[in-house]
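Enquirer: In the numbering used here, the protein residues as written are 618 to 951.
Backbone N, C-alpha and C define an ideal beta-carbon position, used for all residues, glycine too.
Quick caveat: nothing in here was measured; it's all calculated off a predicted structure.
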């Protein structure tokens, strides 16, 4: 019987399927159900930088002086008891760690390196096995160049690594001017993992009400193609583990990510659509494929189709596009 175990950031996982940050990872009952269905680890529902700062500094002087955080977000968070929010989050970390045997990864959604990183030590003390930083920077400010935006990532990492000894990963988007180079540089920063890619809120317009509305909350099955390519391109070149997310909704796609070089995958949309049982289904699909192909462990095939290992590098970079559009169909010239 194939062994589906793997390692991620030095943590031992019984399965490459990780339950990503979602409503299913916000309470102990659901976390226990995720473990029962075969999740290799869980990433707890994120706490936001604004929530941490609002408790520590109600005046928010630093937030007002930075362009990344906006005064209009304050009204949302001021409706809540921040002290109670942080206490509940730490209690979740502690309770989840006691309730399950799989790794518990805490998550912070952040956009600056200011005022809040000391809270990472509190999370570590609460029992988290690792910490994921969901760095959510949309490069929309025309006064900032690519270097300015990229520096924020390194500043956040440096500030957090000063506070903790547990493994730290970052969840990033694909919005970089030199994505491959940036991923490799981030891998040298001392972090243990990079998760590709997070999903930004995408606004849409309602042309009848003339209002901005949200749309496409869940990922689509074809969304996996973007992280698949970039994991394949950077696999074997980074000094940290790579993890895939976005569009991973079945075992077949998880296998593709591992073949590209990922240590495993994070899922969230599948949990909402199909429930925790989807993890068991994915594990069974991976098991059957490994049996059919004669693989006994994940490491035997991980990265086999990455750019570093493929006999046809152009297939990942250009050739398929050329082949697809070189056939224009029957001539219409009479």
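Is DSSP giving residue 883 helix, strand or coil here?
Expert: In this structure, residue 883 counts as strand in the three-state DSSP scheme.
Enquirer: With burial defined as no fewer than 16 other Cβ atoms inside 10 Å of the residue's Cβ, what is the status of residue 741: buried or exposed?
Expert: Residue 741 is classed as buried because its beta carbon has at least 16 other beta carbons within 10 Å across all chains shown.
Enquirer: Assess, as a yes-or-no matter, whether the segment 800-809 is touched by the segment 752-759 under the definition of 3 or more beta carbon pairs within less than 8 Å.
Expert: no
Enquirer: Classify residue 666: buried if its beta carbon has 16 or more other beta carbons within 10 angstroms, exposed otherwise.
Expert: With a 10 Å radius around the Cβ and a threshold of 16 neighbouring Cβ atoms, residue 666 comes out buried.
Enquirer: For residue 730, I'd like the list of residues in its chain whose CB is within less than 6 Å of its CB, leaving aside the five on either flank, ordered along the chain.
Expert: 772, 773 and 776
Enquirer: Can you give me the C-alpha to C-alpha distance between residue 812 and residue 826, rounded to a whole angstrom?
Expert: 37 Å
Enquirer: Evaluate residue 828 with the Cβ neighbour count: other Cβ atoms within 10 Å of its Cβ, from every protein chain shown; 16 or more gives buried, anything less gives exposed.
Expert: exposed
Enquirer: Consult DSSP for residue 675 and reduce its assignment to one of helix, strand or coil.
Expert: Because residue 675 sits at a pLDDT of 49, beneath the cut-off of 50, its placement in the model cannot be relied upon, and the following sentence gives the value as read from the coordinates. Looking at residue 675 - three-state DSSP - the assignment turns out to be coil, as it is neither helix nor strand.
Enquirer: Is residue 893 helix, strand or coil by DSSP?
Expert: coil
Enquirer: Quick one: using the 10 Å Cβ neighbour count with 16 as the cut-off for buried, is residue 726 buried or exposed?
Expert: buried
Enquirer: Would you mind working out which of 722, 888, 662 and 670 sits nearest residue 705, comparing C-alpha positions?
Expert: Selected option, being the one with the closest Cα: 662.
Enquirer: Report all residues from its chain with a CB closer than 7 Å to the CB of residue 838; omit the five preceding and five following residues, and keep chain order.
Expert: 864 and 866
Enquirer: Locate the beta strand (DSSP E) running through residue 623, then write down its first and last residues.
Expert: 623-625
Enquirer: Under 8 Å: do the segment 903-923 and the segment 636-643 share three or more Cβ pairs, one atom per stretch?
Expert: With contact defined as three or more Cβ pairs closer than 8 Å, the segment 903-923 and the segment 636-643 are not in contact.
Enquirer: Look at the alpha carbon of residue 767 and the alpha carbon of residue 799, and state the distance between them as a whole number of angstroms.
Expert: 8 Å
Enquirer: Where are the alpha helix (DSSP H) runs, 4 residues long or more, that stay fully inside the segment 791-872, in chain order?
Expert: As far as the segment 791-872 is concerned, its whole alpha helix (DSSP H) runs of at least 4 residues are 796-804 and 842-851.
Enquirer: Quick check on residue 929: buried or exposed, where buried means 16 or more other Cβ atoms within 10 Å of its Cβ?
Expert: exposed
Enquirer: When you compare each of 712, 851 and 909 to residue 920 by their alpha carbons, which one comes out closest?
Expert: 851
Enquirer: With a threshold of 16 other CB atoms inside 10 Å of the CB of residue 862, please say whether the residue is buried or exposed.
Expert: Under this definition residue 862 is a buried residue.
Enquirer: Taking only runs of the alpha helix (DSSP H) that begin and end inside the segment 641-671, which ones reach a length of at least 4 residues, in chain order?
Expert: 645-653
Enquirer: I believe residue 627 touches residue 784 by the beta-carbon criterion, under 8 Å. Please report the beta-carbon distance rounded to the nearest angstrom.
Expert: 6 Å
Enquirer: In three-state terms, what does DSSP make of residue 767?
Expert: helix
Enquirer: Buried or exposed: where does residue 883 fall if 16 or more other Cβ atoms within 10 Å of its Cβ makes it buried?
Expert: buried
Enquirer: On the three-state DSSP scale, how would you describe residue 719?
Expert: coil
Enquirer: Can you pull the DSSP bridge partners for residue 785?
Expert: According to the DSSP secondary-structure assignment, residue 785 is paired through a beta bridge with 748.
Enquirer: Which residues does DSSP list as the beta-bridge partners of residue 636?
Expert: 659 and 884
Enquirer: Does DSSP classify residue 900 as helix, strand or coil?
Expert: Shown here, residue 900 sits in a helix according to DSSP, grouped into three states.
Enquirer: What is the DSSP secondary structure of residue 701, counted as helix, strand or coil?
Expert: The DSSP-derived three-state label of residue 701 is helix.
Enquirer: Grab me the residues of residue 824's own chain with a C-beta within less than 8 Å of its C-beta, minus the 5 sequence neighbours each way, in chain order.
Expert: none
Enquirer: Are the Cβ atoms of residue 634 and residue 913 separated by less than 8 Å?
Expert: no
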